[in-house]
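Data first, discussion second: the structure below is written as structure tokens.
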Amino acid sequence: MEPFKIGINMAGAISAGAYTAGVLDFLIEALDQWYAAKEEWRKDRTKPPVPLHDVSLEVFSGASAGGMCAAIAALQVREEFKHVTAPTLGQTTNRLYRSWVEEIDITHLLKSEDLESGGNVISLLDSTIIDQIAERALAPSAAPPKPRDYISKNLNIFLTLTNLRGVPYRLYSDASDAIEESTAYYGDRIQFEMVQPGNAPESELAKPLPLDSPGDEVWQILCTAAKATGAFPVFLAPRVLTRKANDYLKPMWPTCHNTQASEVLPEWSLKPEGTWETLNVDGGVIDNDPFDLAHDYLFDHHLKKHGRNPREAIKADRAVLTVAPFPAESAFDPHYNPETNSGVFPALSRLFTALISQSRFFGESLALMLKGPVFSRFVIAPSDETETNALQCGTLGAFGGFFSWRFRAHDYLLGRRNCQQFLRNDFVLPEGNPIIKEGLHDLGSQRKSVVEDFHVDPPEEAEPKDQAWIPIIPLVGTARVTVSRPLREFLTDSELGAIVDLIAIRFREVVRAWANPLPSWRLRWFLKAAATITVLFGKNEIRNLLRKQLIAEGAMPDPDKETPKA
1 MEPFKIGINM
11 AGAISAGAYT
21 AGVLDFLIEA
31 LDQWYAAKEE
41 WRKDRTKPPV
51 PLHDVSLEVF
61 SGASAGGMCA
71 AIAALQVREE
81 FKHVTAPTLG
91 QTTNRLYRSW
101 VEEIDITHLL
111 KSEDLESGGN
121 VISLLDSTII
131 DQIAERALAP
141 SAAPPKPRDY
151 ISKNLNIFLT
161 LTNLRGVPYR
171 LYSDASDAIE
181 ESTAYYGDRI
191 QFEMVQPGNA
201 PESELAKPLP
211 LDSPGDEVWQ
221 ILCTAAKATG
231 AFPVFLAPRV
241 LTRKANDYLK
251 PMWPTCHNTQ
261 ASEVLPEWSL
271 KPEGTWETLN
281 VDGGVIDNDP
291 FDLAHDYLFD
301 HHLKKHGRNP
311 REAIKADRAV
321 LTVAPFPAES
331 AFDPHYNPET
341 NSGVFPALSR
351 LFTALISQSR
361 FFGESLALML
371 KGPVFSRFVI
381 APSDETETNA
391 LQCGTLGAFG
401 GFFSWRFRAH
411 DYLLGRRNCQ
421 QFLRNDFVLP
431 EGNPIIKEGL
441 HDLGSQRKSV
451 VEDFHVDPPE
461 EAEPKDQAWI
471 PIIPLVGTAR
481 VTVSRPLREF
491 LTDSELGAIV
501 DLIAIRFREV
511 VRAWANPLPS
521 WRLRWFLKAA
531 ATITVLFGKN
541 EIRNLLRKQL
551 IAEGAMPDPD
561 KETPKA
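Oh and the sequence shown: position 540 is 540 in the numbering used here, straight run, nothing missing.
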């Protein structure tokens, strides 16, 4: 029997990438523990039996922070590492925790190392730390890869990008070519595939990531692409990628199956083997969600005859699991006033919100969810059972997590807890599903005891009700020990004050760097003086605004109320 095939899709999250990292940490731990228990039982039948079906992680896809997590996870699953189960700072072999909790911090982002060499100001924040983290997190180990039977031998990684250069397409031209219309498409992506050295990838458009060859140049392309998908516009530096023209032989936009869309080619003079340079920012800025990439990869590579991934619990044999730190929370506002919201700044703020929200909206998925349980797609979203805003990294528009490593550690551990709850209660199938059934059959006389030990209640509205339901990834060993709810953390006044001082310094340095190339010394003097005055008289205002927002979002204690208990 074939394994249950899984795609992991990771949505954009900014600093809440720490939550996604925690989900991945526990997922790998659960799989390691289960597969070790299966191997032990097969060698010694006196060991505790467990379900014997198999799963296969086939594809990681991601946008923005999710894309960076996807890239890091592709290396993490190939090596031994320690799982992080408590807030800690220090040396760790865990690439996910080191990158998302220990190393990325506002104190680094507010430095000015990027301005020391002169030249253009390319971002409001100093992206030097992003380069350093990526170089460490995405450098393959020289040690032989750790074999994990649940990882596909051709694991694919999709990262979405916003290509600011755009891919040109012709819309119309008349017979004489006197009138032409053209446009550009800015949604982009890049695909990688793990391969053995010397082997070509199975996917036509994938770039091969050779195992046992850490010096191969494609690893550096993965590193740059990961930084590109996480390059939040204006705040973080955009990234240049050199792409081959044949990467665009198929259109980058989502297409229906069995259409002629594959015949739409870019309008350029490049030969298929030619290259061009693209300027890229955050893959989650536009409607370029990576879910479709993971979904279509599972469909195209493994399911041609049925026309869709099976959705019924009794038939499901593959699924996309989406980690969504910020699921849609928009609600209808009956008191919305168009006139008061038509000003420049309110409109700009709402435009930003609309772009992000629209990139997370999928009508087909919404329609499927309204019809009842669908077992070809699942979602892990934050919940701590007590707080309205479960994520501490969600403050300040999801930038608040950079203000404290304790916020990021909280969300990392919450990701582990939510992943455990999801695997235990939601990621389940009935015992009559062919994959589950065969795994139970192989247990022989111990089948009954395994069903009694691992069965769970079926999800609400799910059918069939007259069968035992078994987790697709059963929890055994350390993964079965309940992950405690992490304690909430709070930023102190002194910590906020230190951050505001750094914000003021960064603002002054950015303005000076902008002013230096200007030809008029008077304008240069004016801008620098204005920056100094703004810093002197604006720091308290900035601090008060941030403090008010952090208190409102539960990230700082409210002095007018009783000290909150974690």
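Yeah, the Cβ is synthetic: ideal placement off N, Cα and C, and Gly gets one too. Given the structure is predicted, the values throughout are model-derived calculations rather than measurements.
| Asked | Found |
| --- | --- |
| Have a look at Leu209 and Asp216 and give me their C-alpha separation to the nearest angstrom. | 8 Å |
| Could you give the distance in angstroms between the alpha-carbon of Val456 and the alpha-carbon of Gln467? | 10 Å |
| My output table needs one value for Phe235: the three-state DSSP class, helix, strand or coil. | coil |
| For Tyr150, which residues from the same chain have a beta carbon less than 8 Å from its beta carbon, with the 5 sequence-adjacent residues on both sides left out? | Pro3, Leu31, Tyr35, Asp54, Val55, Ser56, Leu57 |
| Quick check: Ile221 and Lys207, are their CB atoms within less than 8 Å of each other? | yes |
| Measure the alpha-carbon distance for Leu138 versus Ser112 and round it to whole angstroms. | 24 Å |
| Can you tell me which residues form a DSSP beta bridge with Ile157? | Phe60, Phe192 |
| From which residue to which residue does the alpha helix (DSSP H) around Asn418 run? | 405-425 |
| Would you call the segment 371-382 and the segment 545-556 touching, i.e. three or more CB-CB distances under 8 Å? | no |
| Rounded to whole angstroms, what is the Cα-Cα separation between Ile533 and Phe526? | 10 Å |
| To the nearest angstrom, how far is the alpha carbon of Arg506 from that of Arg480? | 47 Å |
| Quick check: the segment 553-563 against the segment 390-401, are at least 3 beta-carbon pairs closer than 8 Å? | yes |
| Taking 8 Å as the cut-off, decide whether the C-beta atoms of Ile436 and Ile473 are in contact. | no |
| So, is Tyr336 buried or exposed, given that buried needs 16 or more other C-beta atoms within 10 angstroms? | exposed |
| Which residue comes first and which comes last in the alpha helix (DSSP H) that contains Val23? | 17-43 |
| Put Gly554 into one of helix, strand or coil per three-state DSSP. | coil |
| Using CA atoms only, rank isn't needed, just tell me which of Gly198, Leu75, Glu116 is closest to Leu155. | Leu75 |
| Quick one: Cα of Lys561 to Cα of Ser376, how far? | 46 Å |
| Report yes or no: do the segment 413-424 and the segment 16-24 share at least 3 C-beta pairs separated by less than 8 Å? | yes |
| With DSSP as the reference, label Thr478 as helix, strand or coil. | helix |
| Should Ser484 go down as buried or exposed, given a rule of 16 or more other Cβ atoms within 10 Å for buried? | exposed |
| Who are Ile133's beta bridge partners in DSSP? | The partner list for Ile133 (beta bridge, DSSP) is empty, contrary to what the question assumes. |
| For Ala226 and Leu159, which I take to be in contact (beta-carbon distance under 8 Å), what is that distance rounded to the nearest angstrom? | 7 Å |
| Does the segment 263-280 come into contact with the segment 160-171, if we say contact requires no fewer than three beta-carbon pairs (one atom in each stretch) closer than 8 Å? | yes |
| Taking all protein chains shown into account, decide if Ala11 is buried (16 or more other Cβ within 10 angstroms of its Cβ) or exposed. | buried |
| Taking the straight line between their C-alpha atoms, what separation do you get for Ile133 and Leu429? | 39 Å |
| Would you kindly work out how many angstroms separate the C-alpha atoms of Leu443 and Pro49, rounded to a whole number? | 8 Å |
| Tell me, please, whether the CB atom of Gln549 is closer than 8 Å to any CB atom in chain B? | In summary, chain B is missing from the structure at hand, where a single protein chain is found. |
| Given Pro144, which residues of its chain have a CB within under 8 Å of its CB, disregarding the five upstream and five downstream residues? | Asp212 |
| Going by other Cβ atoms of all chains shown within 10 Å of its Cβ, with 16 needed for buried, is Asn9 buried or exposed? | buried |
| Beta carbon of Val450, beta carbon of Pro51: below 8 Å? | yes |
| What whole-angstrom Cβ distance do Ala228 and Ile122 have, given they're in contact under 8 Å? | At roughly 13 Å, the Cβ-Cβ gap does not stay under 8 Å, so Ala228 and Ile122 are not in contact. |
| Along the chain, which unbroken stretches of the alpha helix (DSSP H) at least 4 residues long are found entirely within the segment 87-151? | 106-109, 128-137 |
| Beta carbon of Thr278, beta carbon of Leu241: below 8 Å? | yes |
| Is DSSP giving Glu181 helix, strand or coil here? | strand |
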